[in-house]
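Numbering follows full-length UniProt numbering, with no gaps: position 140 of the sequence shown is 150. Structure first, commentary second.
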Amino acid sequence: VKRLAILVSGSGSNMQSIADSTNRGILKGLAAIVLVISNNPNAYALRRAENENIKAVCIERKDFEDEKSFNGAILEELQNTKVDIVCLAGYMRMIGQEIMDVYRGRMLNIHPALLPKFGGKGMYGYHVHEAVVKAGEKKSGVTVHFVEEEYDTGKIVIQREVEVFKSDTPQDVAKKVLAVEHRIYPEAIKKVVENEL
Ligand code: GAR
């Protein structure tokens with residue numbers, strides 16, 4: 011059973027879908043969430059983790075002198091908990107070099123668009139859907155990819171499209187995309203765990 015850590019900053023609905031799939035879905039017997047790390051003490055994801063009896067810690071940037079010691083604290087927690095695979099799920103910070111060096115090839119991110127379109131700095135969460143609607147795109151989607159130093163680059167594990175209609179608001183797009191995210195993040199983790207790539 012592979013040991014997963016989920017890094018979060020907000021609602022944690024993707025964390026929940028991964029937890030559900032380890033309990034009674036496609037990841038049952040293959041993977042378990044052993045750690046949730048949030049950089050935001052108010053993240054609802056922390057409450058969800060508590061409800062699921064998953065070890066959860068909050069590591070805030072403001073409690074560290076610099077980026078290096080902040081990343082060091084995260085890495086230490088990951089290694090102490092013997093984490094095999096790290097999943098970013100709505101984690102709104104850059105991953106530090108210290109963590110990259112240890113977890114490269116074992117760290118995934120989910121992005122709410124069809125990368126490489128609508129990725130990069132500033133393109134996260136709701137901003138992505140606003141940009142998609144503004145650009146008049148006929149489709150958007152979800153990408154799960156390996157994490158590299160640059161934002162939203164790295165080898166794609168799974169990508170899935172959703173249709174965008176002329177009448178769709180950013181909220182409409184967000185809703186459709188999130189529903190697909192909840193299905194494909196567990197699928198992508200399964201692929202990585204089974205080493206299908
Ligand atoms: C998700 O839509 C995820 O794709 C996005 O934030 C949301 C988190 O929702 N992530 C990014 O934009 C990362 N660049 P959740 O906390 O309910 O899983």
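Beta carbons are placed, not taken as given, at the ideal position from N, Cα and C, and that holds for glycine. Quantities reported herein were computed from a predicted structural model and do not represent experimental measurements.
Check	Outcome
Can ALA66 and GLU75 be called in contact, C-beta distance under 8 Å?	no
Measuring only from the beta carbon, is MET104 closer than 7 Å to any heavy atom that is part of ligand 1?	no
Just to check, is the beta-carbon of GLU191 closer than 7 Å to a non-hydrogen atom of ligand 1?	yes
How is LYS176 classed by DSSP in three states: helix, strand or coil?	coil
Classify ASN24: buried if its beta carbon has 16 or more other beta carbons within 10 angstroms, exposed otherwise.	buried
Using 7 Å as the cut-off, classify the Cβ of residue 210 as near or not near the heavy atoms of ligand 1, replying yes or no.	A question about residue 210 goes unanswered here, because the residues of the chain that appear run from 11 up to 207.
CB ILE43 to CB ILE64, shorter than 8 Å?	yes
Please determine if the region 51-60 and the region 13-29 are in contact, where contact requires at least 3 C-beta pairs separated by less than 8 Å.	yes
Any idea what DSSP makes of GLY138, helix, strand or coil?	The residue you asked about is not Gly; residue 138 is Val in the sequence shown. The answer is helix: DSSP assigns VAL138 an H, G or I state.
How would you label HIS137, buried or exposed, when you count the other beta carbons within 10 angstroms and need 16 or more for buried?	exposed
Below 7 Å, is the gap between the Cβ of ALA59 and the nearest heavy atom of ligand 1?	no
Do you know whose CA, among LYS131, TYR54, TYR161, ASN90, lies nearest ARG13's CA?	ASN90
Would you check if the region 124-138 and the region 158-176 touch, i.e. whether three or more CB-CB distances between them fall below 8 Å?	yes
Please name the residue in GLU159, GLU140, PRO196 whose C-alpha comes closest to that of ASP182.	GLU140
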